[in-house]
Structure formats: structure tokens, C-alpha cells
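Below is one structure, written out as C-alpha cells; the observations come after it.
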Amino acid sequence: MKTSLRFWAFMVLGVFPCALRADVSETEHGESIEETVYKELAYVSDGHARQKLDLYLPEGKGPFPVLVWIHGGAWRAGSKDRARGLDWLNRGVAVASVNYRLSQHATFPAQIEDCKSALRWLRAHAQTYHLDADRFLAWGASAGGHLVALLGVTGDTRSFDVGDHLHQSSAVLAVVDEYGPTDFLQMDAMDGDSGRIVHDSADSPESQLIGGPIQEHPEKVQSANPLTYVSKNDASFLIIHGDQDPLVAHGQSVILHDALQHAGVEAKLYTVKGGKHGWFKDPQVTKNIHAFIMKHLGLENL
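Counting with this note's numbering, you get residues 4 to 305 for the letters of the sequence shown.
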């Protein structure tokens, strides 16, 4: 470890309620990275134990564009500890992996409020961590895909901005949405006989998120649907979805993609032939995501 990093580790541990380390590890694709990691950063003052993020910084002086990873888990499980996108550290991109309150802790809109609070916190502390506040991209899968889609379509509204740093924006430039739900009330009809979940049931992930059977709470469901907020000012979207997904029907991504394009928003839907709910082996998935992130974080000429 470099002497300067030891010095700053001492300084930061004495000032901030987090841990800083420089480490060499491997990404999900086997790349070696030297990283500086700030763990357990609370993005809400005196908040819930889940309202924390981990921030991974690349080598260099910055300012670094930021990839924000939002985990999945049916809004009732999952952790920031399994962050994706760490290979982007080698390309000079910071990665923030965000925990949020789960449905057993608080019902919607707590989850999107937390994601937006995390974005505002990152912008408020951009100078401290050498982040580029103008280059934020959100990436998530499944329930995380739903939340990043909401981030992408509500950047020009303040509906879910509550708490600290309200002078900061919670908008993102672009979104990578992997197989996230977009209209809860259409999920069962789209599943047909192939779905594994009865989404209209009182114990479905969607009903638990809302706080009651989704068919009995149409107004709250509408407020949770990304499809509700689509407008011409939305972030650019890359949507990835398997056409044999038994948990979230491929049609959920089709209707979002079509609505975005109809509104004049840059949007691409890549369909994984024979793909289920993630764990895709199609190499074009990685290629599409790589090209999209390079373009929208302004890395193409580096």
C-alpha cells in the first residue's frame, strides 16, 4: 500500500464514519483492479441501517464519472455487497453500490426515495470523493431494474425527493435496466401459463412492495410503475430482457421500450433469445452494456 494512501486512510477514519482501504482484487470478469473503497457510507442522516452505500474509486485524481449499482431481490432481499460493474474502475469510473429499505422495512415509495437520496448524497459529496456530478449512470437488475427505470423517468420531477440535500439533483444521464417490472397490473396477463408467480396475489413481491394486493391499490401501483412517468426528458435507456423469463415477462420491457421511443427518448431493447431471469450467456449482452456505458459516460474518446 502506498504511503499516501496510509496517510489518507488515517485521516478519513478519524473524520468520516466509514472505512477506507486500497486493495487489489478481481472483478466478475476476472480483471485485477486496484481500488479505494469507502464502506457503509450513510446517505441519510440518522437513517435506517439499510440506508447506506459503498463507494469504489479508481486510481487517479478525477473527477470520475459514476456508475450507480442498484441490487435486485424482489424488493425484499439483496445487498450492496455483491456490486456489479467493478471492472469499470479500470476505465476511470467510480462505482457506488446502494442498499435501500426492503419491503419488510417500509413499503413503496421508500425504495425509490432511498435511491434518490443516495444520488443526492453522492452529488453533495462530489468534491470530497472527486466525482463528476454531471455524469451519473444507473444500472440494476430485476427489482433493481425497476428502481433504476424509475430513476430514469423521474429525473425532471421531485415526487420522490425527500430528506437531505434537496438542492441536489437525483437525475441520471442513462439507465441500464435488466428485466425490471414496469407495469405491475399487466404482469399476470403477460405471463400467461408460463409464469411462476401470481403477481396479483397478496403475498407477491409486488403486493408486498405496495403494502397490499396490487389489484386493490391501483393508484399506488400506478405511482410505482415506471411506465407512468415516461416523458421526452427522460434518461437514455438500454433494456435487457430474456424472452423466456418466468418471473418478469419480456413484455414488461417491450411496453417500456415502446413508450420511451414514442416519447422521443433514446431507448434500445436487447432481447436475449431463450433467456430466463438473468444469468445470460449471450456475449452480446456484455457488448451492448459496454458500448452503452462507454457512450453515455463520455468514455469513447479515452
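For each residue, glycine too, the CB sits at the ideal point set by N, CA and C.
{"Item": "Where D164 sits in the DSSP three-state scheme", "Value": "coil"}
{"Item": "Three-pair Cβ contact test at 8 Å for the region 96-116 versus the region 64-77", "Value": "yes"}
{"Item": "Cβ contact (3+ pairs, closer than 8 Å) linking the region 189-206 and the region 156-164", "Value": "no"}
{"Item": "Paired residues, beta bridge with K271 - DSSP", "Value": "L241"}
{"Item": "Exposure label - T289; buried when at least 16 CB within 10 Å", "Value": "exposed"}
{"Item": "Span of the alpha helix (DSSP H) around I292", "Value": "286-299"}
{"Item": "Whole runs of the beta strand (DSSP E) within the region 89-173, excluding any shorter than 3 residues", "Value": "97-101, 134-144"}
{"Item": "Expected contact under 8 Å - CB spacing of P229 and L250 to nearest Å", "Value": "Going by Cβ atoms, the distance from P229 to L250 rounds to 17 Å, so no, they are not a contact pair."}
{"Item": "Beta-carbon proximity check, W124 vs L105, cutoff 8 Å", "Value": "no"}
{"Item": "Whole-Å CB distance - D180 paired with A152, under 8 Å assumed", "Value": "5 Å"}
{"Item": "Close-in-space but distant-in-sequence residues of the same chain around K64 (CB under 7 Å, 5 per side omitted)", "Value": "H133"}
{"Item": "Distance, F67 Cα to L300 Cα", "Value": "10 Å"}
{"Item": "Simplified DSSP state of D186, which is helix, strand or coil", "Value": "coil"}
{"Item": "Inter-stretch contact (C-beta, 8 Å, three-pair minimum) for the region 186-196 and the region 78-97", "Value": "no"}
{"Item": "Proximal residues to T231 (C-beta, below 6 Å), its chain only, five neighbours per side dropped", "Value": "Q225"}
{"Item": "Local conformation of L263 per DSSP, three classes", "Value": "helix"}
{"Item": "Candidates G214, A113, K55: closest to S162 by CA position", "Value": "A113"}
{"Item": "First through last residue of the beta strand (DSSP E) which encompasses V179", "Value": "177-181"}
{"Item": "Cross-strand partners of A45 (DSSP beta bridge)", "Value": "K55"}
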